[in-house]
Amino acid sequence: MNIKKNISRDEIAYSINKEFGFAKQECLNLVNDIIDIIIEGLMSNGIVKIHNFGTFKVKRKKSRIGRNPKTKQEVLINDRNVIVFKASKIILKYLNKN
Numbered sequence: 000m001n002i003k004k005n006i007s008r009d010e011i012a013y014s015i016n017k018e019f020g021f022a023k024q025e026c027l028n029l030v031n032d033i034i035d036i037i038i039e040g041l042m043s044n045g046i047v048k049i050h051n052f053g054t055f056k057v058k059r060k061k062s063r064i065g066r067n068p069k070t071k072q073e074v075l076i077n078d079r080n081v082i083v084f085k086a087s088k089i090i091l092k093y094l095n096k097n
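Next comes the structure, spelled out in structure tokens:
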């Protein structure tokens, strides 16, 4: 298994191209469309479930006081929305195979 920290849209499109033989631009459009659908779902519902993969959810974080570790200066971190992901049991089972 090839483990990477980050993967780009182009790399996903390239993998689809090699696996299924679709044109490179079609694969990139497909990847972009999927990401757009996830973003639209999060913006409208706040939750996107992908069967046998996992759930993306928008979570609200309250404002808090943060501290710069170098200067020890306190700074107010405003409240904000974050995206959390919970993997499905199938993905977790696959990842935890020994």
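Numbering-wise (numbering that gives the first Met the number 0), the sequence shown opens with residue 0 and increments by one.
Backbone N, C-alpha and C define an ideal beta-carbon position, used for all residues, glycine too.
It should be emphasised that the depicted structure is a prediction, and the values quoted were computed from it without experimental measurement.
Taken through DSSP and simplified to helix, strand or coil, A22 comes out as coil. L41 has its alpha-carbon roughly 24 Å from the corresponding atom of E10. In its chain, beyond the 5 residues on either side, no residue has a beta carbon closer than 8 Å to the beta carbon of D32. In this structure, N77 sits near S62, with a CB-CB distance shorter than 7 Å. Contact check for S87 and N44: beta-carbon distance about 18 Å, past the 8 Å limit, so the pair fails to qualify. Around V74, the same chain offers G65 as residues with beta carbons nearer than 6 Å, after the five sequence neighbours per side are excluded. Taking C-beta atoms under 8 Å as the contact rule, K56 and V83 qualify, at a distance of about 5 Å. Your pair A12 and K23 checks out as a contact, with CB atoms roughly 7 Å apart and the cut at 8 Å. In the structure shown, G45 falls within a coil segment according to DSSP collapsed to helix, strand and coil.
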